[in-house]
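Student:
In UniProt numbering, the protein residues as written are 1 to 112.
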């Protein structure tokens, strides 16, 4: 998919108009950003916006995350356990202390 992010009011208006006019090429719209189909037409729409608004439009190519392929099991288990914690207000660093769950500082330093 193509992620299009806008940084000005005029660029947001143009993005909104593109998404409304080309629903088949719009995967999802988020206000100042949208996901466009990873097709030549999606690229055309994104590049057209950048041509019109210059640096007020950022385009990135994205790919879905396959958590079972890209994320270590320890991270998946930690996320599951953290969401099942007894006290919702407990920060993760405190939750992970004294457990086998990964340390947040260590996770921040490792790429997927």
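Virtual Cβ for every residue (Gly too), placed ideally from N, Cα, C.
Keep in mind it's a predicted model, so treat the numbers as computed, not measured.
1. Checking 7 Å against the spacing of the C-beta atoms, do residue 101 and residue 79 come in under that value?
2. Using the Cα positions of residue 97 and residue 88, report the straight-line distance between them to the nearest angstrom.
3. Just checking, does the region 3-18 make contact with the region 43-55 on the three C-beta pairs under 8 Å criterion?
4. Beta-carbon within less than 6 Å of residue 112's beta-carbon, same chain only, minus the 5 sequence neighbours each way: which residues are those?
5. With DSSP run on the structure shown, which of helix, strand or coil describes residue 28?
6. Buried or exposed for residue 31, going by 16 or more other Cβ atoms inside 10 Å?
7. Spatial neighbours of residue 118 within its chain, please: C-beta separation below 8 Å, excluding the five flanking residues on both sides.
8. DSSP three-state call for residue 63: helix, strand or coil?
9. Have a look at the DSSP bridge pairing and note the partners of residue 35.
Tutor: The short version:
1. By 1-based counting over the chain shown, the position of residue 101 is 101. By 1-based counting over the chain shown, the position of residue 79 is 79. No, these two residues do not count as a Cβ contact at 7 Å.
2. For the purposes of this step, residue 97 is taken as the residue at position 97 of the chain shown. For the purposes of this step, residue 88 is taken as the residue at position 88 of the chain shown. Their Cα atoms are separated by approximately 16 Å.
3. yes
4. For the purposes of this step, residue 112 is identified with residue 112 of the chain shown, where counting begins at 1. Counting only Cβ-Cβ distances below 6 Å, and skipping sequence neighbours, we find 70.
5. Indexing the chain shown from 1 puts residue 28 at position 28. Three-state result, residue 28: strand.
6. For the purposes of this step, residue 31 is taken as the residue at position 31 of the chain shown. With fewer than 16 other Cβ atoms within 10 Å, it is exposed.
7. For residue 118 there is no data in the structure shown, the boundaries of the chain being 1 and 112.
8. Residue mapping note: residue 63 aligns to position 63 of the chain shown, counting from 1. Note: residue 63 maps to coil in three-state DSSP.
9. The residue labelled residue 35 in the question sits at position 35 within the chain shown. DSSP, once it has assigned bridges, lists 3, 28 as partnering residue 35.
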